[in-house]
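Visitor: The letter at position 238 of the sequence shown is residue 220 when you use the working numbering, and the numbering goes up by one with no holes. Sharing a structure here in C-alpha cells format.
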Amino acid sequence: MKFKAETIIAPLLAWYDRHKRDLPWRESLDPYRVWLSEIMLQQTTVQAVIPYYAKFLKHYPDVHALADAPAEHVMRDWAGLGYYSRARNLHACAKMVVHTLEGKFPHTPAGLKTLPGIGDYTAGAVAAIAYGQRATVVDGNVERVISRLFAIETPLPASKPDIRAQAQLIYHDDANTRPGDLPQAFMDLGSSVCVPQNPKCPLCPVEHVCEARKLGIQNALPRRVREKKKPERIGYVYWVEDGKGDVLLERRPDKGLLGGMAGLPTSEWAHGREHPAHLDGFEGKPLPETVRHVFTHFALTLQIVRMTGKKAPKGFRWQPIESIDDAGLPSLFMKVVKLLRLRV
Ligand code: SF4
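In C-alpha cells form, the structure reads like this:
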C-alpha cells in the first residue's frame, strides 16, 4: 500500500456526511431491514429496488412475518425484480433465522455466511451496517473505486483478490471508526463521482491519493476481459385462453430458472435451430411476435403461440386475464402480456 488508510477514510467520510444518498433502507439499522435491502440490491439498481423494499416491509414487517408467509406469496411479491433464486433463498434464510436462531441474525460475516443466499458481499454489508463490525464490503462500485485508487491494471475478474486485499487494509484499519458508514461512503462515491465513464475527479474527496488520476488512466480502469457472447436458446411460449376470459398459467418447478414462480406454459428452451414441439392437446397457431430475454448465462427468444383450450392440464390453472398483472409473473412473461395487449 502506497499511502495510509487514514488519508482515504477521513476525507471520504466527511464527503459522505455532506453528500450521502437519501435511501429508505438507511432510515434504520434493524438487521432484518439491512439484510432485506442488501439481498434486493444484488445485481439490481437502487431505483428498481425502492418499491419492492417498501412492498416487502408492508407485507412482511419483520423476519417472523417473512418466515411464516407462504412461498407463493413471497415469489409473487418478488415478481419483476429478477434473479428469482434470491427470493427462494430469502425465504429459506428467514425460516432458518426464526427456527434455529431465535429470530436473530448472526453478528459476524462468518456467521452470516452460513445462511442461505448470503455470500461475502452481503455478509460483510450486514455485519458492518447493522452491527458496526469492521468487515470487507466490496460490490461493483467499491471494486471500481479501489481499482482506480490503487491503479490496479490487471483486468477483472482476475484482479478481484487484489482489489479485496486492498479494500481489506482500508476497512480493517484503526482509522475506520465508522465501520457501517465507510462501505456506504465508497458505494456512494462510486455511484455519483467515481462513475464508470468520465469520473468526476475534481469533485472527488480522495483525488489527492488516487494513483489512476495521477497516471491519467482513470477512464480505462477497471480493465475487463471482454465477455463472450451469450449462447442463444429458442422455444415457444403459449397464450392459452378458455373463451371465458381466462388464460392458462402454471407454477414452475421449484428447481431451475424462474423456479417456484407463476408462468405461462412454454416448450423446452432448446439450443438448436429447430423449434421444439407445441403444447399437447391444445389448438392454435404461432403469432409473428417473439419475446427476448437475457438471463445470466444465455439469451432466450420465445415465439408466442395463441391457443384455445377447455381443461387445465395437471399443474396448471386458469387465471382471469383482467387480473393477470396481480398473478406474480416474472418479466419474461409480462413481456408476452404487454405484446398481446398491443395486439388487441
Ligand atoms: Fe475515482 Fe477520480 Fe476519485 Fe480517482 S480521483 S477515485 S478516479 S473519482
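For each residue, glycine too, the CB sits at the ideal point set by N, CA and C.
Glu(-12) by DSSP, collapsed to three states: which one?
Guide: Correct three-state label for Glu(-12): helix.
Visitor: Quick one: is Leu314 buried, meaning 16 or more other Cβ sit within 10 Å of its Cβ, or exposed?
Guide: When all chains shown are included, Leu314 counts as buried.
Visitor: Give every residue of the same chain whose Cβ lies closer than 8 Å to the Cβ of Lys77, excluding the five residues on either side of it in the sequence, and list them in chain order.
Guide: Same-chain partners within the cutoff: Ala49.
Visitor: Nearest-angstrom Cα distance between Pro270 and Lys320?
Guide: Rounded to the nearest angstrom, the two C-alpha atoms are 15 Å apart.
Visitor: Around the C-beta of Thr104, are 16 or more other C-beta atoms found within 10 angstroms, so that it is buried, or is it exposed?
Guide: It is buried - the Cβ of Thr104 has at least 16 other Cβ atoms within 10 Å.
Visitor: Indicate the three-state DSSP secondary structure (helix, strand or coil) for Ile286 in the structure shown.
Guide: The answer is strand: DSSP assigns Ile286 an E or B state.
Visitor: Can you name, in chain order, every residue of its own chain whose Cβ lies under 7 Å from the Cβ of Ala294, other than the five neighbours on each side?
Guide: Leu230 and Trp300.
Visitor: From Tyr66 to Leu131, what does the alpha carbon distance come to, in whole angstroms?
Guide: Cα to Cα, Tyr66 sits roughly 35 Å from Leu131.
Visitor: Decide if Pro408 is buried, meaning its Cβ has at least 16 other Cβ atoms within 10 Å, or exposed.
Guide: Residue 408 cannot be examined here, being either before or after the span of the chain that is shown, -17 to 326.
Visitor: Counting Cβ pairs closer than 8 Å, one from the stretch 240 to 254 and one from the stretch 47 to 61, do we hit at least three?
Guide: Contact between the stretch 240 to 254 and the stretch 47 to 61 is present, because at least three Cβ pairs lie under 8 Å.
Visitor: What residues are listed by DSSP as bridge partners for His275?
Guide: Answer is Leu282, bridged to His275.
Visitor: Suppose you measure from the CA of Val177 to the CA of Gly266; what does that come to, to the nearest Å?
Guide: Looking at the two C-alpha atoms, the distance is approximately 50 Å.
Visitor: Should Val191 and Ile286 be called a contact, given that it needs their Cβ atoms to be closer than 7 Å?
Guide: For Val191 and Ile286, no; Cβs fall outside 7 Å.
Visitor: Could you name the residues of the same chain whose beta carbon sits closer than 7 Å to that of Pro98, not counting the 5 residues immediately before and after it, in chain order?
Guide: Excluding sequence neighbours, Pro98 sits near Asn71, Ala74, Cys75 and Met78.
Visitor: Val124: beta carbon under 6 Å from a heavy atom of the ligand SF4?
Guide: No, the ligand SF4 has no heavy atom inside 6 Å of this Cβ.
Visitor: Taking all protein chains shown into account, decide if Ser305 is buried (16 or more other Cβ within 10 angstroms of its Cβ) or exposed.
Guide: Counting Cβ neighbours within 10 Å, Ser305 comes out exposed, since fewer than 16 surround it.
Visitor: Given that a residue counts as buried once 16 or more other Cβ atoms are within 10 Å of its Cβ, and exposed if not, what is Ala107?
Guide: With 16 or more other Cβ atoms within 10 Å, it is buried.
Visitor: By a C-beta neighbour count over all protein chains shown, 10 Å radius and 16 as the cutoff for buried, is Gly162 buried or exposed?
Guide: Gly162 is buried by the Cβ-count criterion.
Visitor: Out of curiosity, what's the CA-to-CA distance linking His23 and Val31?
Guide: Going by the sequence as given, residue 23 is Leu instead of His. In a straight line, the C-alpha of Leu23 is about 6 Å away from that of Val31.
Visitor: Taking the runs of the alpha helix (DSSP H) that are 4 residues or longer, which of them lie wholly in the stretch -8 to 64?
Guide: 13 to 23, 28 to 41, 45 to 50 and 53 to 60, all fully within the stretch -8 to 64.
Visitor: Three or more beta-carbon pairs under 8 Å between the stretch 136 to 152 and the stretch 29 to 44, yes or no?
Guide: No, the stretch 136 to 152 is not in contact with the stretch 29 to 44.
Visitor: Roughly how many angstroms lie between the CA atoms of Asp224 and Lys296, to the nearest whole one?
Guide: Each residue's alpha carbon lies about 15 Å from the other.
Visitor: Express the C-alpha separation of His253 and Gly327 in angstroms, rounding to a whole number.
Guide: Lying before the first or after the last residue shown, residue 327 is absent from the chain, which here runs from -17 to 326.
Visitor: Which class does Gly217 belong to by DSSP, given the choice of helix, strand or coil?
Guide: Residue state, collapsed to three classes: strand.
Visitor: Does at least one heavy atom of the ligand SF4 sit under 6 Å from the Cβ of Ala194?
Guide: Ala194 Cβ: within cutoff of the ligand SF4.
Visitor: Measure from the alpha carbon of Gly198 to the alpha carbon of each residue in Phe277, Pro184 and Val273, then state which is nearest.
Guide: The residue with the shortest Cα to Cα distance from Gly198 is Pro184.
Visitor: Evaluate Lys317 with the Cβ neighbour count: other Cβ atoms within 10 Å of its Cβ, from every protein chain shown; 16 or more gives buried, anything less gives exposed.
Guide: Burial call: buried.
Visitor: Roughly how far, in whole angstroms, is the beta-carbon of Ala109 from the beta-carbon of Pro91, given that I think they are within contact range, below 8 Å?
Guide: Ala109 to Pro91, Cβ: 5 Å. Contact.
Visitor: Can you list, in chain order, the residues of its chain whose CB lies under 8 Å from that of His154, leaving out five sequence neighbours each side?
Guide: Cβ within range, chain order: Arg116 and Thr118.
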